[in-house]
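Peer 1: One structure, pasted below without further comment.
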C-alpha cells in the first residue's frame, strides 16, 4: 500500500486492501518524512458495546421476553442475550485480524461485558478507563456494579472483577457533564491514551460507546476540529459491537501517518437486537464529537 509523502497532507483515497478486506480510507494524515520506512505500526480497534436492555420497551409496558427494567438496571443497563452474542462475534473477528496487546474499557456494565470475551480468549486483564465513559454523564453512580441485574450479568461482572487490572490507575470523570465538558473529556481521553499506549506498546482494543467511539477515532488522527465535517460526512454510523479501525505508522525520525478506516459493523451479520447504529451528523451539531469553531448548541442530537 503506497502512502503519500507530503507535509501535513490530508488526502482522500479509494478502496484498498489492508489485510482485513477492502475498506474505505476515510482520511490519511501525513507528516514530513520518508513514506517508505516505518519503524512502528500500531492498530487501534475502537469497539462499541453490544445490544443493551435499555433499547427495549419498559417491562411495565410490554409482555415481551426482553424488556428494560429501569428499577433493576438504572442507567447502567447490561447486554441482552443478543448483545452477548455480538460481543463474542466481534471478539472472534478481532482475533482473526490482529494481535491485541491491550484491552482498555469503559467502566459501564455493557462495555465490560462486551470486552470480556476478547480478554478471556487472550487471557488478558481489563484496563478500566473512566475517560471512555458514555457522553454527558449525570452525577449518579453509573460506574457501580449492579448486583441485582440478571444472573448472566452477575457472572460476567464477577469474571470482569477477576480480570480487572488494578495496577492501571485512572481517575474518575467530573459529573454532571454537559456537551462542552464531554468534548473536553474526549480531548483528554485521546491525549491520555496516546501517552499511555504509544505505538511501541503494541495494538489496542478500546471498548466504549457510540459517541466516544467516533470522538476517539477522529481525535487520534486530528488535533483540531477543522476536518470534523469531512470525517463525519464520510464515516458510517457505528452499530452494536461495531469497530472503527485506526492505523498509526511511525517513522524512525518521529514522522508518520494516521489513518481512519471506514466503520465496520461486523456483528450486523447476526441480525439480532434493537440497539440502532448511531452517528450525530455534523449539520445537526457541529461540536458534538470534538471542539469545533462552528460549534453551537444545543443541536439536534441526543
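Residue numbers (the working numbering): -9 to 292.
Note that CB positions come from ideal geometry on N, CA and C, so glycine has one too.
Note that the structure is predicted; figures quoted are calculated from it, not measured.
Under the three-state reduction of DSSP, which class applies to residue 38: helix, strand or coil?
Peer 2: Residue state, collapsed to three classes: strand.
Peer 1: Out of curiosity, what's the CA-to-CA distance linking residue 247 and residue 238?
Peer 2: Rounded to whole angstroms, residue 247 to residue 238 spans 6 angstroms at the Cα level.
Peer 1: Would you call the CB atoms of residue 36 and residue 193 closer than 9 angstroms?
Peer 2: No, the Cβ-Cβ distance between residue 36 and residue 193 is not below 9 angstroms.
Peer 1: In the DSSP assignment, the beta strand (DSSP E) including residue 170 goes from what residue to what residue?
Peer 2: Taken as a continuous stretch (DSSP letters only), residue 170 belongs to no beta strand (DSSP E), being part of the alpha helix (DSSP H) at 169 to 186.
Peer 1: Does the segment 48 to 55 touch the segment 209 to 228, meaning 3 or more C-beta pairs lie closer than 8 angstroms?
Peer 2: Taking 8 angstroms as the limit for Cβ pairs, the verdict is that the segment 48 to 55 does not touch the segment 209 to 228.
Peer 1: Are residue 260 and residue 76 close, meaning C-beta to C-beta below 9 angstroms?
Peer 2: Taking 9 angstroms as the Cβ cut-off, residue 260 and residue 76 qualify as a contacting pair.
Peer 1: Would you mind working out which of 118, 82 and 265 sits nearest residue 157, comparing C-alpha positions?
Peer 2: The candidate whose alpha carbon is nearest that of residue 157 is 118.
Peer 1: Would you tell me roughly how many angstroms separate the C-alpha atoms of residue 272 and residue 126, rounded to the nearest one?
Peer 2: Whole-angstrom Cα-Cα distance: 18 angstroms.
Peer 1: DSSP has residue 58 in a bridge; who is on the other side?
Peer 2: Answer by DSSP bridge pairing, in chain order: 48.
Peer 1: Counting only the same chain and skipping the five closest in sequence on each side, list residues whose C-beta sits under 6 angstroms from that of residue 276.
Peer 2: Answer for residue 276: 282, 284 and 285, listed in chain order.
Peer 1: Out of curiosity, what's the CA-to-CA distance linking residue 356 and residue 245?
Peer 2: Residue coverage of the chain in this structure runs from -9 to 292, which leaves residue 356 outside it and unanswerable.
Peer 1: Can you check the segment 74 to 159 for any beta strand (DSSP E) of at least 3 residues that lies completely inside it and give the ranges in chain order?
Peer 2: Counting whole runs of 3 or more residues, the segment 74 to 159 contains the beta strand (DSSP E) stretches 92 to 95 and 116 to 118.
Peer 1: Using alpha carbons as the reference points, say which of 264, 149 and 269 lies closest to residue 200.
Peer 2: Closest by alpha carbon: 269.
Peer 1: Near residue 150, what residues of its chain come up, given a Cβ to Cβ distance below 7 angstroms and the 5 sequence neighbours on each side ignored?
Peer 2: Excluding positions up to five away in sequence, the list reads 102, 106 and 116.
Peer 1: Using three-state DSSP, classify residue 227 as helix, strand or coil.
Peer 2: Residue state, collapsed to three classes: coil.
Peer 1: Measure the CB-CB distance between residue 236 and residue 195 and report whether it falls below 9 angstroms.
Peer 2: No, Cβ-Cβ distance for residue 236 and residue 195 is not below 9 angstroms.
Peer 1: Where residue 123 and residue 255 are concerned, what is the direct C-alpha to C-alpha distance, given to the nearest angstrom?
Peer 2: C-alpha separation (whole angstroms): 21 angstroms.
Peer 1: Per DSSP, which one or two residues make a beta bridge with residue 254?
Peer 2: Beta-bridge pairing links residue 254 to 233.
Peer 1: Determine which residues share a DSSP beta bridge with residue 30 and list them.
Peer 2: DSSP output for residue 30 lists 240 as bridge partner(s).
Peer 1: To the nearest angstrom, how far is it from the Cα of residue 322 to the Cα of residue 187?
Peer 2: Examination of residue 322 is not possible in this model, given that the chain is present from -9 through 292 alone.
Peer 1: Ignore the nearest five residues each way along the sequence and tell me which others in residue 172's own chain have a CB closer than 6 angstroms to its CB.
Peer 2: Here the set comprises 125 and 126.
Peer 1: Should residue 86 be labelled buried (16 or more other beta-carbon atoms within 10 Å of its own) or exposed?
Peer 2: The residue is exposed, with fewer than 16 neighbouring Cβ atoms inside 10 Å.
Peer 1: If you drop the 5 nearest sequence neighbours on each side, which residues of the same chain put their C-beta closer than 6 angstroms to that of residue 143?
Peer 2: Excluding sequence neighbours, residue 143 sits near 68.
Peer 1: Terminal residues of the continuous alpha helix (DSSP H) containing residue 207?
Peer 2: Looking at the DSSP string, the run of the alpha helix (DSSP H) that includes residue 207 is 200 to 211.
Peer 1: Alpha carbon to alpha carbon, how far is residue 169 from residue 230?
Peer 2: Looking at the two C-alpha atoms, the distance is approximately 23 angstroms.
Peer 1: Checking the sheet assignment: what are the DSSP bridge partners for residue 195?
Peer 2: According to DSSP, residue 195 bridges with 35 and 93.
Peer 1: For residue 154, I'd like the list of residues in its chain whose CB is within less than 8 angstroms of its CB, leaving aside the five on either flank, ordered along the chain.
Peer 2: Counting only Cβ-Cβ distances below 8 angstroms, and skipping sequence neighbours, we find 115, 116 and 118.
Peer 1: Can you tell me whether residue 191 is buried or exposed, with buried defined as 16 or more other CB within 10 angstroms of its CB?
Peer 2: Residue 191 comes out exposed.
Peer 1: Cα separation between residue 220 and residue 179?
Peer 2: Residue 220 and residue 179: Cα-Cα distance of roughly 22 angstroms.
Peer 1: Could you check which residue in 45, 78 and 71 has the C-alpha nearest to that of residue 64?
Peer 2: Comparing Cα-Cα distances from residue 64 to each of 45, 78 and 71, the minimum goes to 45.
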